[in-house]
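The listed protein sequences correspond, in order, to chains D and F.
32 is the number that our numbering gives to position 44 of the first sequence; each next residue is one higher, with no gaps.
258 is the number that our numbering gives to position 75 of the second sequence; each next residue is one higher, with no gaps.
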Amino acid sequence: SQQGEEDPQALSIQEGENATMNCSYKTSINNLQWYRQNSGRGLVHLILIRSNEREKHSGRLRVTLDTSKKSSSLLITASRAADTASYFCATPLGKAGGTSYGKLTFGQGTILTVHP
Amino acid sequence: NAGVTQTPKFQVLKTGQSMTLQCAQDMNHNSMYWYRQDPGMGLRLIYYSASEGTTDKGEVPNGYNVSRLNKREFSLRLESAAPSQTSVYFCASSDLRGEAFFGQGTRLTVV
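Right, here's the structure in full:
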């Protein structure tokens, strides 16, 4: 069963605007990851946030994690047409912990379209 | 530095045929994974290998087998393909920093 659920399923914005995507999950986790997938390509890792972190930044990306609400958000600021892609949150599959960070369960993703 | 390489990129099989999807990584990662991605379903883990010599089932292992040939290579075999196995298959490997690296995918159609 899939743990993460992204919201919205699709988001369409203009270049320069901010894009916010949300992810909810069901069980306790020790980390949460966000990935991007361009059409027809493999997934690219964006950021990992650990359960003891509330917020993390990477360039134009800001990720928050609220473990009490079992939710995370990904904010892309000043979006560009090149940000057009699907965005997935992923949480550890099975027992939290261990070193197999790629053992993940994914949500269905948010399709982001940025219009020039 | 090629990262994770999958072959083939596309494949059409008839029901009942068998095939092996190949995956190799050149990043010296211990852990490797096979996922499938279906429309509207996100990615689901088929099998994984935490280290050379070990393999374990993921969420959807039925109909598949895997082999961790060495540290670099992890193959996925369909013994008797079924239309329900039509999907895009991704291989991945992960490092200890928490980042998983994905291949470009194999688009498999079973008719």
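Just so it is clear, CB atoms sit at the ideal spot from N, CA and C, and this is done for glycine as well.
Kindly list the residues whose CB is nearer than 6 Å to the CB of residue i, restricted to its own chain and excluding five residues on each side of it in sequence; keep chain order.
{"i": "F/Asn248", "result": "Arg260"}
{"i": "F/Ser250", "result": "Ser258"}
Who are residue i's beta bridge partners in DSSP?
{"i": "D/Ile64", "result": "D/Ala7 and D/Leu49"}
{"i": "D/Arg24", "result": "D/Val32 and D/Tyr75"}
{"i": "D/Glu(-7)", "result": "D/Ser12"}
{"i": "F/Asp209", "result": "Paired residues: none, contrary to the question."}
{"i": "D/Gln2", "result": "D/His103"}
{"i": "D/Ile37", "result": "D/Leu20"}
{"i": "F/Leu261", "result": "F/Met202 and F/Tyr247"}
{"i": "D/Glu43", "result": "D/Thr52"}
{"i": "F/Gly225", "result": "F/Asp221"}
Hey, is residue i's beta-carbon within less than 7 Å of any beta-carbon in chain D?
{"i": "F/Gly281", "result": "yes"}
{"i": "F/Gly225", "result": "yes"}
{"i": "F/Gly286", "result": "yes"}
{"i": "F/Phe273", "result": "yes"}
{"i": "F/Ser214", "result": "yes"}
{"i": "F/Tyr231", "result": "yes"}
{"i": "F/Ser267", "result": "no"}
{"i": "F/Leu302", "result": "Because chain F here runs from 184 to 294, residue 302 of chain F falls outside it and cannot be looked at."}
{"i": "F/Ser277", "result": "yes"}
Count the other CB atoms, across all protein chains shown, that sit within 10 Å of the CB of residue i; report buried if there are 16 or more and exposed otherwise.
{"i": "D/Thr98", "result": "buried"}
{"i": "D/Asn26", "result": "exposed"}
{"i": "D/Thr142", "result": "Not covered by the structure: residue 142 of chain D. The range shown for chain D is -11 to 104."}
{"i": "F/Gly288", "result": "buried"}
{"i": "D/Gly28", "result": "exposed"}
{"i": "D/Gly90", "result": "buried"}
{"i": "D/Gly4", "result": "exposed"}
Would you say residue i faces chain F, with C-beta separation under 7 Å as the test?
{"i": "D/Tyr75", "result": "no"}
{"i": "D/Lys91", "result": "yes"}
{"i": "D/Leu20", "result": "no"}
{"i": "D/Gly4", "result": "no"}
{"i": "D/His33", "result": "yes"}
{"i": "D/Leu36", "result": "yes"}
{"i": "D/Gly47", "result": "no"}
Leaving out the 5 sequence neighbours to the left and right, which residues in its chain are closer than 7 Å to residue i when beta-carbon positions are compared?
{"i": "D/Ile64", "result": "Asn6, Ala7, Arg48, Leu49 and Asp71"}
{"i": "F/Ala207", "result": "Thr188, Arg255 and Glu256"}
{"i": "D/Thr52", "result": "Arg42, Glu43, Ser60 and Ser61"}
{"i": "F/Ala265", "result": "Thr198, Gly246 and Val293"}
{"i": "F/Thr190", "result": "Gln205"}
{"i": "F/Leu228", "result": "Tyr216, Tyr218, Gly241 and Glu242"}
{"i": "F/Ser270", "result": "Arg219, Gln220, Asp221 and Leu291"}
{"i": "D/Asn19", "result": "Leu36, Ile37, Arg38, Ser39 and Pro80"}
Considering only heavy atoms of the ligand FMN, does any lie closer than 6 Å to the CB of residue i?
{"i": "F/Arg290", "result": "Absence of the ligand FMN from the depicted structure is noted, as is the absence of any ligand whatsoever, leaving it without description."}
Assuming residue i and residue j are in contact, meaning their beta carbons sit under 8 Å apart, how far apart are those beta carbons, in whole angstroms?
{"i": "D/Thr55", "j": "D/Ser67", "result": "Actually they do not touch by this definition, with Cβ atoms about 27 Å apart."}
{"i": "D/Leu34", "j": "D/Trp22", "result": "4 Å"}
{"i": "D/Val102", "j": "D/Ile17", "result": "The pair is not a contact, with the Cβ atoms about 29 Å apart (cut-off 8 Å)."}
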